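Data block below; observations after.
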Amino acid sequence: MTRRFLPLSRRRFLHSAAALSGATMVSGLPRLAHAAEPLTVGFIYVGPRDDYGYNQAHAEGAAAVKEIPGVTVVEEENVPETIDVQKSMESMINLDGASLLFPTSFGYFDPHVLAVAPKYPDVRFEHAAGLWTEGMPENVGSYFGYIGMGQFLNGIVAGHMTKSKKIGFVAAKPIPQVLLNINSFLLGARQVDPSINCQVIFTGEWSLAVKEAEATNALADAGCDVITCHVDGPKVVIETAAGRGCYVCGYHADQSALAPQLYLTGAEWNWANVYTGMVNTILDGGTLPNFMRGGLAEGYIKMSPLGPAVTDAARAQFESTKEVIMGGGYSVIKGPLNDNKGNVILSEGQALVETDVALESMDYLVEGVIGSTS
Amino acid sequence: MADQAVIGGSGASLLPALARRSEAVVIPLAALVVGFAIFAVFLLTQGKSPADFLGLVWKGAYGSAFSWQNTLSRAAPLLFAALCVALPARLGLVVIGGEGAIVLGGVAVGALGPAMAHVPAFIALPLMAAAAMSVGAVWIGAAGALRHYRGVNETISSLLLAYIAIALMNQLVEGPFRDPASLNKPSTAPLAESLRVGNLPGMDVHWGLAFGILGCVVSWILIDRTTWGFAARIAGGNVRAAQVQGLPVGRLILGFTALAGGFAGLAGFFEVTAVHGSANASLAAGYGYTGILIAFLARHNPLAIIPVAILLAGFGAASGLIQRRMGLPDATILVLQGFVFLSILISDTFYGRYRIFAPERWGR
Numbered sequence: 015m016t017r018r019f020l021p022l023s024r025r026r027f028l029h030s031a032a033a034l035s036g037a038t039m040v041s042g043l044p045r046l047a048h049a050a051e052p053l054t055v056g057f058i059y060v061g062p063r064d065d066y067g068y069n070q071a072h073a074e075g076a077a078a079v080k081e082i083p084g085v086t087v088v089e090e091e092n093v094p095e096t097i098d099v100q101k102s103m104e105s106m107i108n109l110d111g112a113s114l115l116f117p118t119s120f121g122y123f124d125p126h127v128l129a130v131a132p133k134y135p136d137v138r139f140e141h142a143a144g145l146w147t148e149g150m151p152e153n154v155g156s157y158f159g160y161i162g163m164g165q166f167l168n169g170i171v172a173g174h175m176t177k178s179k180k181i182g183f184v185a186a187k188p189i190p191q192v193l194l195n196i197n198s199f200l201l202g203a204r205q206v207d208p209s210i211n212c213q214v215i216f217t218g219e220w221s222l223a224v225k226e227a228e229a230t231n232a233l234a235d236a237g238c239d240v241i242t243c244h245v246d247g248p249k250v251v252i253e254t255a256a257g258r259g260c261y262v263c264g265y266h267a268d269q270s271a272l273a274p275q276l277y278l279t280g281a282e283w284n285w286a287n288v289y290t291g292m293v294n295t296i297l298d299g300g301t302l303p304n305f306m307r308g309g310l311a312e313g314y315i316k317m318s319p320l321g322p323a324v325t326d327a328a329r330a331q332f333e334s335t336k337e338v339i340m341g342g343g344y345s346v347i348k349g350p351l352n353d354n355k356g357n358v359i360l361s362e363g364q365a366l367v368e369t370d371v372a373l374e375s376m377d378y379l380v381e382g383v384i385g386s387t388s
Numbered sequence: 017m018a019d020q021a022v023i024g025g026s027g028a029s030l031l032p033a034l035a036r037r038s039e040a041v042v043i044p045l046a047a048l049v050v051g052f053a054i055f056a057v058f059l060l061t062q063g064k065s066p067a068d069f070l071g072l073v074w075k076g077a078y079g080s081a082f083s084w085q086n087t088l089s090r091a092a093p094l095l096f097a098a099l100c101v102a103l104p105a106r107l108g109l110v111v112i113g114g115e116g117a118i119v120l121g122g123v124a125v126g127a128l129g130p131a132m133a134h135v136p137a138f139i140a141l142p143l144m145a146a147a148a149m150s151v152g153a154v155w156i157g158a159a160g161a162l163r164h165y166r167g168v169n170e171t172i173s174s175l176l177l178a179y180i181a182i183a184l185m186n187q188l189v190e191g192p193f194r195d196p197a198s199l200n201k202p203s204t205a206p207l208a209e210s211l212r213v214g215n216l217p218g219m220d221v222h223w224g225l226a227f228g229i230l231g232c233v234v235s236w237i238l239i240d241r242t243t244w245g246f247a248a249r250i251a252g253g254n255v256r257a258a259q260v261q262g263l264p265v266g267r268l269i270l271g272f273t274a275l276a277g278g279f280a281g282l283a284g285f286f287e288v289t290a291v292h293g294s295a296n297a298s299l300a301a302g303y304g305y306t307g308i309l310i311a312f313l314a315r316h317n318p319l320a321i322i323p324v325a326i327l328l329a330g331f332g333a334a335s336g337l338i339q340r341r342m343g344l345p346d347a348t349i350l351v352l353q354g355f356v357f358l359s360i361l362i363s364d365t366f367y368g369r370y371r372i373f374a375p376e377r378w379g380r
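This is the structure:
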């Protein structure tokens, strides 16, 4: 029976052992402050960490955290949004001594993070994309980036490069985040030429390679010559589109290696910057706000380097618009604006800046998007 | 020949009875060891230590109270999922679409949630469980009916029905049953707190485990101790012979597939009431497919499902630790499962071959 109580004391033992080894390891390094309290950080991914997409973006952040002296990183991939993730979090806490967790999939938040966090008040849970609100556990935080801005910039480059005046978007589900990306992509292109349309196809799943390939081919068949996407792993879309001779814009991570000649640019997460910032704050004894958001200016998102095919005119407008966005307060969604069924969304003079929470409940496709949310 | 043990009286028959019964335990265990041994070779080719691996499986799955609770939490839905395969298997049917019944059972519970919000839990929960079971029963029963009335292969039809079920779930959860507040993860409205199923006393494992074990025991009684089960086994052995005997083969097929689907639906019920609190796409987590593996490993014996489910749930529980400590990818556990599965399937051919398990052949 004593065995059963061992893990607790063992965990403590590991703590002190790690502290000792950490101290000896780091003693010669400048960040002495870190040696006092070694930190184990756990990352959990819903898919494979090399998916060229959502999970890889987070894994790149984890890799950057690993470089911080005195920090141990533990990772788990392919963890479903079920009791499994609750137990993975608890296992990292109980068996690895993790005190900061990044369960990175949206579906981990409610109910899983919210169920586990109250049991471990000393552990910090940082969740991507969740909406932390007053009344939720204090040791939970949610962070996310305004990546719609990145799709807007994608759209500007796409607008310059399209010859058919028709661009394509492969989307997972008609939810607010995805709709904002689709609308931003089209509105970016329309900055260049208001006659451009964007056709969207929803696959219905976050990760379903066969349908993603079908959708991409259908878009190419329909005459779209620049294609982007919002699915967990853009690899299939990028490769299929490039195989059909279309230009591609990336999403989540840098996919330029998959289509070096046809890759224009991409809207990427900059989790390495965000995560190292958060971990350093904790190491320095600070506390993290429960609700964190940021865009290009704050280093939450970044753009892939422009590809070789991008024209000078495209580059110029891309760079100048990016500069304006970096200044803050930019509105992609602004009046006059109708949805693609003719309803007025915003009238002249109205605008939603990137930080507006109204954008997080978007339920329409704007005029110029060919497709339907249901 | 078989009479000898009976004639021998209680004292003398103990050893032969033990020998006869141990066959069903020794052969699968040996197969498990062989599967592990092949896997160990695989690990060595990857430059990893099999001993470390086993140590971590132990630590992650069974080594502490926390690990046990981790394992048992994961086992709960697997018990139901495995029953969904094992029951029709006694009739010779290979049903692999339990996932569909799990998912739709969960959707039924999620959809009923708002209507039941003010009904006392002791009425609402059984009603919701019954709804989940009925939906599951119709779904897998449909595969049975297609088989019986139209001669459609139940393996294919149940698998295809599972895809339809998942598509239907997405449609329902994103459409008519969607809670408008569930913005970025379309879900049904959250269940009232009174309708959430809690944990077993003193454990961090929900009630699904207890009901799953109960389901296994009831299924065993049904198959091994009732005339219905006996008839089903005959039909499973030789359907023509069963028909000639006048057994109601059609009703057996419909009844067993429906019951199997009912158990799968119950898994969906517990997923929604005990884990998720609402129905959404996370219900399609693959339990139905792991259930196939478990049922085959348990040789479709409902009692054997319990330890096998705990074994495989333990692999799942340890999988994370193995990823973290050994730097092996998540698929490692799938490789292990694959070797064990193959080895156990092959071991099927060894039954009845060894004299040590056959007292009637002793001393000849």
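Heads up: the protein sequence lines correspond to chains A and B, in order. Take any residue in the first sequence, note its place counting from 1, add 14, and you have its number in my numbering. Take any residue in the second sequence, note its place counting from 1, add 16, and you have its number in my numbering. Just so it is clear, CB atoms sit at the ideal spot from N, CA and C, and this is done for glycine as well. Model, not experiment: these values are computed from the prediction.
Nearest candidate by alpha-carbon position, reference residue i, set the options
| i | options | result |
| --- | --- | --- |
| Phe82/B | Tyr68/A, Gln100/A, Glu81/A | Gln100/A |
| Ala301/B | Ser210/B, Tyr179/B, Ala226/B, Leu34/B | Tyr179/B |
| Ala117/B | Phe286/B, Phe227/B, Trp223/B, Arg369/B | Phe286/B |
| Lys203/A | Thr176/A, Leu193/A, Ala365/A, Leu351/A | Rather than Lys, the amino acid found at residue 203/A in this sequence is Ala. It is Thr176/A whose Cα lies nearest to the Cα of Ala203/A. |
| Pro323/B | Val110/B, Tyr78/B, Ser359/B, Ser150/B | Tyr78/B |
| Phe199/A | Gly363/A, Phe332/A, Pro151/A | Phe332/A |
| Gly218/B | Trp84/B, Val111/B, Met342/B | Trp84/B |
| Leu177/B | Leu352/B, Phe193/B, Val119/B, Ala137/B | Val119/B |
Residue i at chain B interface by Cβ criterion, 8 angstroms
| i | result |
| --- | --- |
| Glu374/A | yes |
| Lys101/A | yes |
| Val130/A | no |
| Val85/A | no |
| Pro117/A | no |
| Phe183/A | no |
| Phe139/A | no |
| Gly218/A | yes |
| Ile189/A | yes |
| Pro94/A | yes |
| Asp235/A | no |
| Leu20/A | Its pLDDT being 35, under 50, Leu20/A is placed unreliably by the model, and the measurement read from it follows with that caveat. Leu20/A counts as touching chain B. |
| Asn108/A | yes |
| Asp136/A | no |
| Glu89/A | yes |
| Ser388/A | yes |
| Gly121/A | yes |
| Ala143/A | yes |
Chain-order list of residues whose beta-carbon lies under 6 angstroms from that of residue i (same chain, five-residue window excluded)
| i | result |
| --- | --- |
| Met39/A | Any reading at Met39/A needs caution, since the residue's pLDDT is 37, under 50, leaving its predicted position unreliable; the model's value is listed next. There are no such residues. |
| Val93/A | Ile58, Val99, Ser102 |
| Gly368/B | none |
| Ala153/B | Ala274, Gly277, Gly278 |
Beta-carbon contacts of residue i that lie in its chain and below 7 angstroms, excluding the five residues immediately before and after
| i | result |
| --- | --- |
| Arg90/B | Ala329, Gly332, Ala333 |
| Asn284/A | Gly313, Tyr314, Ile315, Lys316 |
| Met340/A | Leu310, Ala311 |
| Ala383/B | What the structure shows of chain B is the stretch from 17 to 380, and residue 383/B is not part of that stretch, so it cannot be assessed. |
| Ala124/B | Ala147, Ala148, Val151 |
Neighbourhood of residue i by C-beta distance below 8 angstroms, restricted to the same chain and skipping five residues each side
| i | result |
| --- | --- |
| Asp64/A | Gln70, Ala73 |
| Glu1/B | Nothing can be reported for residue 1/B: it is not among the residues displayed for chain B, which extend from 17 to 380. |
| Ala236/A | Lys180, Gly182, Gln213 |
| Leu276/A | Ala255, Ala256, Gly259, Cys260, Tyr261, Val262, Gly321, Ala323 |
Below-8 angstroms beta-carbon distance, residue i vs any chain A residue
| i | result |
| --- | --- |
| Gln339/B | yes |
| Arg194/B | no |
| Pro44/B | no |
| Phe235/B | Note on residue identity: the sequence assigns Ser, not Phe, to residue 235/B. Not one chain A Cβ lies under 8 angstroms of Ser235/B. |
| Asp68/B | no |
| Leu128/B | no |
| Ala199/B | Residue identity check: residue 199/B is Leu in the sequence provided, not Ala. True, the Cβ-Cβ gap to chain A drops below 8 angstroms. |
| Ser210/B | no |
Does the stretch 165-173 of chain B come into contact with the stretch 79-97 of chain A, if we say contact requires no fewer than three beta-carbon pairs (one atom in each stretch) closer than 8 angstroms?
With the cut-off at 8 angstroms, the stretch 165-173 of chain B and the stretch 79-97 of chain A do not touch.
Between the stretch 359-372 of chain A and chain B, which residues of the former have a C-beta closer than 9 angstroms to a C-beta of the latter?
Residues of the stretch 359-372 of chain A with a C-beta less than 9 angstroms from any C-beta of chain B: none at all.
When you check each C-beta in the stretch 352-367 of chain B against every C-beta of chain A, which residues fall closer than 7 angstroms?
Taking 7 angstroms as the Cβ-Cβ cut-off against chain A, none of the residues of the stretch 352-367 of chain B qualify.
Given a limit of 8 angstroms on CB to CB distance, which residues of the stretch 259-293 of chain B reach chain A?
Answer set for the stretch 259-293 of chain B: Glu287, Val291, His292, Gly293.
Under 8 angstroms: do the stretch 297-308 of chain A and the stretch 143-158 of chain A share three or more Cβ pairs, one atom per stretch?
Yes: at least three Cβ pairs fall under 8 angstroms.
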